[in-house]
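Visitor: Here you go, one structure.
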Amino acid sequence: MLLDYQIRYGMVSFNTVERECVAAYQREKQNVMKFIEGLPGRVSLTLDTRTSREGLGCYVVITGHFIDGDWKPQQRKLNVAMVPNPDSESALANAVLRCLSDWNLEGKLLSVTLNHPAAGEAALQSLQALLSVQNAVIFDGQLVRGSCISRTLTSIAKELLSACGDLVSKIRDSVKYVLTEESKELMFLDIKQQLQMATDKNLRLADQNHWNTTYEMLLAASELREVFSCLEALDPDYKEAPSMLEWKQVETISSVLQLLVDAANLLSSTTPAALACFHEAWKIQSQLSRLAAIGDPFIDSFIGGLQDRIEKYIKECILVLAAAVVMDPRFKMKLVEFSFAKMFLHDAPTYIEIVGDGIRQLFWEYKVLHQLDEEKADPKLGINVDIMEPRRYPIKSELDVYLDETLLPRVADFDVLGWWKQNEVRFPALAKMARDVLCIQVSAGSAESLFDTRCLPKEMEYGSSVKPETVEALVCAKDWLRRAAAAAAGGDR
Numbered sequence: 014m015l016l017d018y019q020i021r022y023g024m025v026s027f028n029t030v031e032r033e034c035v036a037a038y039q040r041e042k043q044n045v046m047k048f049i050e051g052l053p054g055r056v057s058l059t060l061d062t063r064t065s066r067e068g069l070g071c072y073v074v075i076t077g078h079f080i081d082g083d084w085k086p087q088q089r090k091l092n093v094a095m096v097p098n099p100d101s102e103s104a105l106a107n108a109v110l111r112c113l114s115d116w117n118l119e120g121k122l123l124s125v126t127l128n129h130p131a132a133g134e135a136a137l138q139s140l141q142a143l144l145s146v147q148n149a150v151i152f153d154g155q156l157v158r159g160s161c162i163s164r165t166l167t168s169i170a171k172e173l174l175s176a177c178g179d180l181v182s183k184i185r186d187s188v189k190y191v192l193t194e195e196s197k198e199l200m201f202l203d204i205k206q207q208l209q210m211a212t213d214k215n216l217r218l219a220d221q222n223h224w225n226t227t228y229e230m231l232l233a234a235s236e237l238r239e240v241f242s243c244l245e246a247l248d249p250d251y252k253e254a255p256s257m258l259e260w261k262q263v264e265t266i267s268s269v270l271q272l273l274v275d276a277a278n279l280l281s282s283t284t285p286a287a288l289a290c291f292h293e294a295w296k297i298q299s300q301l302s303r304l305a306a307i308g309d310p311f312i313d314s315f316i317g318g319l320q321d322r323i324e325k326y327i328k329e330c331i332l333v334l335a336a337a338v339v340m341d342p343r344f345k346m347k348l349v350e351f352s353f354a355k356m357f358l359h360d361a362p363t364y365i366e367i368v369g370d371g372i373r374q375l376f377w378e379y380k381v382l383h384q385l386d387e388e389k390a391d392p393k394l395g396i397n398v399d400i401m402e403p404r405r406y407p408i409k410s411e412l413d414v415y416l417d418e419t420l421l422p423r424v425a426d427f428d429v430l431g432w433w434k435q436n437e438v439r440f441p442a443l444a445k446m447a448r449d450v451l452c453i454q455v456s457a458g459s460a461e462s463l464f465d466t467r468c469l470p471k472e473m474e475y476g477s478s479v480k481p482e483t484v485e486a487l488v489c490a491k492d493w494l495r496r497a498a499a500a501a502a503g504g505d506r
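Residues in the sequence shown are numbered from 14 upward in steps of one, following my numbering.
Structural data, given as structure tokens:
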């Protein structure tokens with residue numbers, strides 16, 4: 014952004030460019046403020062922590078997620094805070110408090126998701142305490158989550174690649190052997206052509222900072238295993254070709270990585286993300302269980318740790334993930350009951366009860382809020398005292414009516430938000446709950462950093478000469494202007 018300004022207006026002083034950028038940020042902030050003021054529901058925040066270039070602390074990028082009046086998912090970067098010590102008890106909570114104050118969101122906060130792996134229990138408890146003050150809808154503390162799904166997927170991939178490090182290195186060395194000399198690569202391609210290989214995969218070295226490229230390297234090498242075998246016979250200098258057993262093991266590694274890559278790609282492009290996350294987490298857990306049941310010594314060497322990681326994530330986020338499923342009229346509680354029986358076996362009834370009770374508790378919170386909104390609109394209505402005591406409420410609730418209705422067909426391109434838009438009048442209180450539940454985020458990282466084990470966004474690479482408030486202005490204004498341009502062009506906002 015600074016460079017674009019200098020190109021357009023000529024070489025001017027840094028201070029002038031900085032001043033103009035901050036002024037543009039302030040102008041755009043007013044537009045975003047008006048947009049947020051008109052939102053009908055609550056806001057969910059994601060906290061994406063990034064180490065500063067000098068290692069003097071970190072930046073916390075706070076993004077607000079919400080569903081607008083037309084039932085379209087929206088997000089805006091709201092703040093970028095420099096936090097010298099993000100592991101301290103109150104640092105992240107203070108950053109959130111500042112965000113709520115800046116944007117007049119007090120009382121509208123629903124959930125917080127962060128990707129800071131070192132966030133301690135004290136920091137999480139501080140955020141949970143903040144949420145309980147800002148919002149009566151607690152949801153058993155699960156609306157503050159220190160482990161987002163992108164971090165979980167990355168941690169599973171890194172553990173797998175570390176456990177199979179020797180084999181992965183052997184494949185990398187074979188690929189490197191072919192690609193580092195033109196004559197070797199030409200020989201490899203000639204063999205591939207002679208064998209008339211059906212695959213269109215080409216060898217590539219993985220970027221060790223992006224775990225999905227390791228998957229691509231292993232997959233391509235595995236599909237070209239016959240070429241490597243012939244190369245070993247024809248090239249006396251190539252002596253490290255993997256054995257048939259090792260290629261079989263590479264297939265196993267690739268199959269697990271493919272699960273993670275597919276999940277990451279889907280979650281970065283699908284809304285509501287919590288709904289997709291439930292299905293993907295269940296799929297990963299199920300596939301890992303199948304692999305564990307094989308009883309192969311190679312698989313046994315790494316599978317337990319991977320299972321522990323995905324099961325820990327599912328249990329920590331069980332209410333949030335299941336609530337999103339219940340708000341989908343294709344699934345409701347039926348899918349929760351079926352999937353929990355597969356995931357938790359004899360413990361399934363306990364977890365089903367946890368979800369059922371949590372959903373009902375949350376609904377009655379929204380029922381009260383809806384009644385209060387109606388009273389504000391028409392003071393003559395008054396609030397029904399029975400609402401405060403749901404166990405005595407004699408009439409079938411909106412939630413009961415919704416759950417008792419027949420499930421909709423499981424069409425792949427179903428628009429769950431569009432369905433709630435059409436049924437908002439039928440289920441006014443439940444629709445408020447659905448609007449908020451379906452905007453809860455499961456990942457705090459940006460799409461471009463999903464596979465990156467150490468990614469630092471471009472805007473964060475400024476040195477100490479750029480003030481933190483200027484970094485905030487650059488990052489947020491870039492996001493707002495891009496979304497405004499997309500909206501003007503008829504695209505997503």
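For glycine and all other residues, C-beta sits at the position ideal for the given N, C-alpha and C. Bear in mind the structure is a predicted one, so any value in this text is a computation, not a measurement.
Would you kindly work out how many angstroms separate the C-alpha atoms of S103 and L348, rounded to a whole number?
Guide: Locating residue 103 in the sequence shown gives position 90, counting from the first residue. Locating residue 348 in the sequence shown gives position 335, counting from the first residue. Distance between the alpha carbons of S103 and L348 is about 39 Å.
Visitor: Using the C-alpha atoms, what's the distance from V450 back to K471?
Guide: Counting from 1 along the sequence shown, the entry for residue 471 is found at position 458. Counting from 1 along the sequence shown, the entry for residue 450 is found at position 437. Only weak support is given to the placement of K471: the predicted model assigns it a pLDDT of 42, under 50, and the value that follows is read from those uncertain coordinates. Rounded to whole angstroms, K471 to V450 spans 32 Å at the Cα level.
Visitor: Cα separation between Y406 and L430?
Guide: Start at 1 with the first residue of the sequence shown, and residue 406 comes out as number 393. Start at 1 with the first residue of the sequence shown, and residue 430 comes out as number 417. The predicted model places Y406 with a pLDDT of 48, which falls under 50 and marks its position as unreliable; any figure quoted below should be read in that light. C-alpha separation (whole angstroms): 29 Å.
Visitor: If you draw a straight line from the alpha carbon of E198 to that of S281, how long is it in whole angstroms?
Guide: The sequence position of residue 198 within the sequence shown is 185, counting from 1. The sequence position of residue 281 within the sequence shown is 268, counting from 1. Their backbone Cα atoms lie some 35 Å apart in a straight line.
Visitor: Checking the sheet assignment: what are the DSSP bridge partners for E95?
Guide: Position 82 of the sequence shown, counted from the start, is the residue given in the question as residue 95. For the sequence presented, residue 95 should be read as Met rather than Glu. Bridge partners of M95: Y72.
Visitor: Let me see if you follow: with CB-CB separation under 9 Å, is K183 close to chain C or not?
Guide: Among the chains of the structure shown, chain C does not appear; only one protein chain is present.
Visitor: Would you kindly report the start and end of the unbroken beta strand (DSSP E) that includes L122?
Guide: Within the sequence shown, residue 122 is the residue found at index 109, counting from 1. First-last of the beta strand (DSSP E) with L122: L122 to L127.
Visitor: State whether the stretch 295-305 contacts the stretch 245-255, with contact taken as three or more CB pairs (one from each stretch) at a distance under 8 Å.
Guide: Touching, no, given that fewer than three Cβ pairs across the two stretches are closer than 8 Å.
Visitor: According to DSSP, what are the bridge partners of L58?
Guide: In the sequence shown, the residue the question calls residue 58 occupies position 45. Its beta-bridge partners are G77 and V125.
Visitor: Between which residues of its own chain and A354 is the CB-CB distance below 6 Å, once the five residues before and five after are set aside?
Guide: Taking the sequence shown and counting its residues from 1, the one referred to as residue 354 is at position 341. Within the same chain, A354 has close Cβ partners A361.
Visitor: What are the boundary residues of the alpha helix (DSSP H) that V30 is part of?
Guide: Counting from one through the sequence shown, the residue named residue 30 turns up at place 17. First-last of the alpha helix (DSSP H) with V30: F27 to E50.
Visitor: Whose C-alpha, out of P342, F440 and G318, is nearest the C-alpha of V424?
Guide: By one-based count along the sequence shown, residue 424 stands at place 411. It is P342.
Visitor: Use the C-beta contact count for M340: other C-beta atoms within 10 angstroms, 16 or more gives buried, fewer gives exposed.
Guide: For this step, residue 340 is matched to residue 327 along the sequence shown. It counts as buried.
Visitor: Is the number of C-beta pairs between the stretch 223-238 and the stretch 168-187 that are closer than 8 Å three or more?
Guide: At 8 Å Cβ cutoff, the stretches touch.
Visitor: My guess is that I75 and N92 are in contact by the Cβ rule of under 8 Å, so how many angstroms apart are they, rounded?
Guide: Taking the first residue of the sequence shown as 1, we reach residue 75 at position 62. Taking the first residue of the sequence shown as 1, we reach residue 92 at position 79. Their Cβ separation, rounded to whole angstroms, is 4 Å, which keeps I75 and N92 in contact under 8 Å.
Visitor: Taking DSSP as the reference, what is the three-state secondary structure of P86?
Guide: Indexing the sequence shown from 1 puts residue 86 at position 73. It is a strand residue.
Visitor: For M230 versus L216, is the C-beta distance shorter than 9 Å?
Guide: Walking along the sequence shown from the start, residue 230 turns up at place 217. Walking along the sequence shown from the start, residue 216 turns up at place 203. Yes.
Visitor: Label D61 either buried or exposed according to how many other C-beta atoms from any shown protein chain fall within 10 Å of its C-beta, with 16 as the threshold for buried.
Guide: Counting from one through the sequence shown, the residue named residue 61 turns up at place 48. Answer is buried; the Cβ neighbour count reaches 16.
Visitor: Could you tell me whether the Cβ atoms of W84 and W377 are closer together than 9 Å?
Guide: For this step, residue 84 is matched to residue 71 along the sequence shown. For this step, residue 377 is matched to residue 364 along the sequence shown. In this structure, W377 does not lie closer than 9 Å to W84 by Cβ.
Visitor: Just the C-alpha distance for A498 and V488, rounded to the nearest angstrom, thanks.
Guide: Within the sequence shown, the letter at position 485 stands for residue 498. Within the sequence shown, the letter at position 475 stands for residue 488. Each residue's Cα considered, the two are about 16 Å apart.
Visitor: Check for me: the alpha helix (DSSP H) holding M446 runs from which residue to which?
Guide: For the purposes of this step, residue 446 is identified with residue 433 of the sequence shown, where counting begins at 1. Run containing M446: P441 to V450, per the alpha helix (DSSP H) assignment.
Visitor: Measure the Cβ-Cβ separation of A508 and V368 and say whether it is below 9 Å.
Guide: No answer is possible for residue 508: it lies beyond the span of the chain, which begins at 14 and ends at 506.
Visitor: Taking the alpha carbon of A233 as the reference point, which residue from C177, D413 and I184 has its own alpha carbon closest?
Guide: On the sequence shown, position 220 is the one that residue 233 refers to. The residue with the shortest Cα to Cα distance from A233 is I184.
Visitor: From the DSSP output, read off the bridge partner residues of R63.
Guide: Position 50 of the sequence shown, counting from 1, holds the residue named residue 63. Its beta-bridge partners are Y72.
Visitor: For the stretch 49-60 against the stretch 106-122, do three or more pairs of beta-carbon atoms, one drawn from each stretch, fall closer than 8 Å, so that the two count as touching?
Guide: The stretch 49-60, when compared against the stretch 106-122, does touch it at the 8 Å Cβ threshold.
Visitor: So, is D492 buried or exposed, given that buried needs 16 or more other C-beta atoms within 10 angstroms?
Guide: What you label residue 492 is simply residue 479 of the sequence shown in a count that begins at 1. Buried is the call here.
Visitor: What do you get for Q454, buried or exposed, if any count of 16 or more other CB atoms within 10 angstroms of its CB means buried?
Guide: In the sequence shown, counting from the first residue as 1, residue 454 sits at position 441. With 16 or more Cβ atoms within 10 Å of its Cβ, Q454 is classed as buried.
Visitor: Tell me whether P8 is buried or exposed, calling it buried when 16 or more other Cβ atoms sit within 10 Å of its Cβ.
Guide: Summary: the structure shown does not reach residue 8, with the chain confined to residues 14 through 506, and so no result is reported for it.
Visitor: In the DSSP assignment, the alpha helix (DSSP H) including Q454 goes from what residue to what residue?
Guide: Position 441 of the sequence shown, counted from the first residue, corresponds to residue 454. First-last for Q454: undefined, no H or E at that position.
Visitor: Closer than 8 Å: is that where the CB of V274 sits relative to any heavy atom of the ligand PLP?
Guide: For the ligand PLP, the structure offers nothing, since it holds no ligand at all.
Visitor: Would you list, in sequence order, the uninterrupted alpha helix (DSSP H) runs of no fewer than 4 residues that lie entirely inside the stretch 211-239?
Guide: Listed in chain order, they are 224-236.
Visitor: Along the chain, where does the alpha helix (DSSP H) containing Q209 start, and where does it finish?
Guide: Sequence index remark: in the sequence shown, residue 209 carries index 196 (1-based). Here Q209 belongs to no alpha helix (DSSP H), and DSSP marks it neither H nor E.
Visitor: For D426, which of helix, strand or coil comes out of DSSP?
Guide: The sequence position of residue 426 within the sequence shown is 413, counting from 1. In the structure shown, D426 sits in coil (DSSP, three-state: anything other than H, G, I, E or B).
Visitor: Report, in whole angstroms, the separation of the C-beta atoms of Q320 and A305, which I expect to be a contact under 8 Å.
Guide: Here residue 320 corresponds to residue number 307 of the sequence shown, with the count starting at 1. Here residue 305 corresponds to residue number 292 of the sequence shown, with the count starting at 1. About 7 Å separates the two Cβ atoms, so the contact holds.
Visitor: Measuring CA to CA, which of C71, H359, G317 and F291 is closest to E329?
Guide: Here the question's residue 329 lines up with position 316 in the sequence shown. Among C71, H359, G317 and F291, the Cα nearest to that of E329 belongs to F291.
Visitor: Would A447 be called buried (16 or more neighbouring beta carbons within 10 Å of its own) or exposed?
Guide: Mapped onto the sequence shown, residue 447 falls at position 434. Classification of A447: buried, given that the 10 Å Cβ count is 16 or more.
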